[in-house]
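For reference, the structure discussed in these notes is given below.
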Amino acid sequence: MDSKKLAQTIACLALALVAFAGQAFAFHLRNQDPIVQLTLNPGDVHQGSISLSNSGDKPMRISAYLQDWQYKYSSQGDFEKEFAAPGTMGRSGSNWISFFPNNLEIPPRGSAKVEYTIRVPDDQPLEGGYYSVMFFEGMAPESQDGTQGGVNVKFSTRMGSLFLINIESTVRQDMEISDIRASRVDAASPLRIEATLLTKANVLMACKSGSFHFMSPEGVVGARGDLPDIHLWPGSEPLKIQAESLGNLAGGRYNTVLTYDCNKGEIVIGESELAVP
98 MDSKKLAQTI
108 ACLALALVAF
118 AGQAFAFHLR
128 NQDPIVQLTL
138 NPGDVHQGSI
148 SLSNSGDKPM
158 RISAYLQDWQ
168 YKYSSQGDFE
178 KEFAAPGTMG
188 RSGSNWISFF
198 PNNLEIPPRG
208 SAKVEYTIRV
218 PDDQPLEGGY
228 YSVMFFEGMA
238 PESQDGTQGG
248 VNVKFSTRMG
258 SLFLINIEST
268 VRQDMEISDI
278 RASRVDAASP
288 LRIEATLLTK
298 ANVLMACKSG
308 SFHFMSPEGV
318 VGARGDLPDI
328 HLWPGSEPLK
338 IQAESLGNLA
348 GGRYNTVLTY
358 DCNKGEIVIG
368 ESELAVP
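Here it is as structure tokens:
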């Protein structure tokens, strides 16, 4: 998976700036390890740490806790993370993880670490990827709480470290692009490309840099365009996508090619011969 891009989708940097009673203060919490990505065997024990730092001028109290997570396709047509109690989602790795401390205070312009241990079970069949998130919820000390309009106010922020654990030699990355169609309102309108994505993988398929193009029988590339980024969870339902071309294209028969770069190197291609109206 593209860790850099995935890290941008979670709160790897939180900044809270608040003012009350005529006085202002800020706290600034950084998570140096927003992604923990590992390949382990059943029975393995792995130890590590997550580094947190407070670059503000006030101490911060931090509470750490685990949750399950997965991607969900939202009604707005994009992907969002869904969270649940540890051990309740199908590919949960939360119960494999223990950590210390649960609560800590980071001094002004100081840092701290949360130590974790992952114990992969060896008494059950495991294959593919397992997932968890460790959240860090930070709050300024109670002495810094404020009152606004007669209401007591506390100021907090939350960020997380995603755990992505693959079981050695069992990962299957498999996605199909099918049911490719092209349509448009009239000859002067951009082409709309539609397709269905089906994952048969046992790991998260994070697919970016998607594109499509139409190629004439003579091998000349006509209209092209970009496809939306997608995150297909193992066992998820088929996903329908659509996108519009850049430029116009004369009617006729074309070879249509759709391409995705998944999990930072797994190239997935769908191809179909289409009659463009």
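Using our numbering, the first residue of the sequence shown is number 98, and each one after it goes up by one. Think of the CB as a built atom: it goes at the ideal place given N, C-alpha and C, for glycine as much as any other residue. These numbers come from a predicted model, not from an experiment.
Separation of residue j from residue i, as counted between CA atoms
{"i": "Lys361", "j": "Ile290", "result": "24 Å"}
{"i": "Phe196", "j": "Ala161", "result": "9 Å"}
{"i": "Gly246", "j": "His125", "result": "Low confidence applies here, because Gly246 scores a pLDDT of 44, under 50, leaving its location unreliable; read the following figure in that light. Between Gly246 and His125, the C-alpha separation is close to 26 Å."}
{"i": "Ile132", "j": "Gln144", "result": "15 Å"}
{"i": "Gly276", "j": "Ala292", "result": "Reading the sequence as shown, one finds Asp at residue 276 and not Gly. Distance between the alpha carbons of Asp276 and Ala292: 5 Å."}
{"i": "Ser313", "j": "Leu288", "result": "15 Å"}
{"i": "Met157", "j": "Ser189", "result": "30 Å"}
{"i": "Tyr170", "j": "Trp330", "result": "10 Å"}
{"i": "Asp283", "j": "Glu341", "result": "14 Å"}
{"i": "Lys178", "j": "Glu315", "result": "44 Å"}
{"i": "Leu163", "j": "Asp220", "result": "23 Å"}
{"i": "Glu370", "j": "Tyr351", "result": "6 Å"}
{"i": "Ile366", "j": "Arg255", "result": "38 Å"}
{"i": "Asn138", "j": "Val268", "result": "12 Å"}
{"i": "Ile215", "j": "Ala285", "result": "58 Å"}
{"i": "Asp326", "j": "Leu294", "result": "12 Å"}
{"i": "Ser148", "j": "Glu234", "result": "14 Å"}
{"i": "Leu201", "j": "Glu224", "result": "35 Å"}
{"i": "Arg206", "j": "Tyr213", "result": "23 Å"}
{"i": "Lys305", "j": "His328", "result": "9 Å"}
{"i": "Pro335", "j": "Asp130", "result": "33 Å"}
{"i": "Pro218", "j": "Asn299", "result": "18 Å"}
{"i": "Pro77", "j": "Asn192", "result": "The first residue shown for the chain is 98 and the last is 374, placing residue 77 beyond what the model contains."}
{"i": "Val176", "j": "Leu324", "result": "It is Phe, not Val, that sits at residue 176 in the sequence shown. Rounded to whole angstroms, Phe176 to Leu324 spans 14 Å at the Cα level."}
{"i": "Asn199", "j": "Arg278", "result": "52 Å"}
{"i": "Val248", "j": "Met236", "result": "Note on Val248: pLDDT 46, under 50, position unreliable in the model; no value is reported."}
{"i": "Ala303", "j": "Gln167", "result": "12 Å"}
Residue j beta carbon less than 8 Å from that of residue i
{"i": "Ile264", "j": "Leu135", "result": "no"}
{"i": "Ser266", "j": "Thr296", "result": "no"}
{"i": "Asn128", "j": "Ser208", "result": "no"}
{"i": "Ile274", "j": "Ile203", "result": "no"}
{"i": "Gly319", "j": "Leu343", "result": "no"}
{"i": "Ser146", "j": "Lys210", "result": "yes"}
{"i": "Val373", "j": "Gly349", "result": "yes"}
{"i": "Glu368", "j": "Gln270", "result": "no"}
{"i": "Leu301", "j": "Gly187", "result": "no"}
{"i": "Met272", "j": "Cys359", "result": "yes"}
{"i": "Phe260", "j": "Ile194", "result": "yes"}
Rounded distance between the beta-carbons of residue j and residue i, thought under 8 Å
{"i": "Gly307", "j": "Thr353", "result": "Between Thr353 and Gly307 the Cβ distance is about 14 Å, and since that is not below 8 Å, they are no contact."}
{"i": "Asp165", "j": "Ser229", "result": "6 Å"}
{"i": "Leu346", "j": "Phe311", "result": "6 Å"}
Please give me, in chain order, every unbroken run of the beta strand (DSSP E) with length at least 3 that falls completely inside the region 196-221.
200-203 and 207-216
Are the region 145-159 and the region 178-192 touching, with three or more C-beta to C-beta distances below 8 Å?
By the Cβ rule, the region 145-159 does not count as touching the region 178-192, because fewer than three pairs are nearer than 8 Å.
Scan the region 260-345 and note each continuous beta strand (DSSP E) run of 3 residues or more that stays entirely inside, going in chain order.
272-280, 289-296, 302-312, 318-323, 327-329 and 336-341
Note down, one range per segment and in chain order, each beta strand (DSSP E) of at least 3 residues found wholly within the region 120-177.
120-128, 132-137, 142-151 and 157-170
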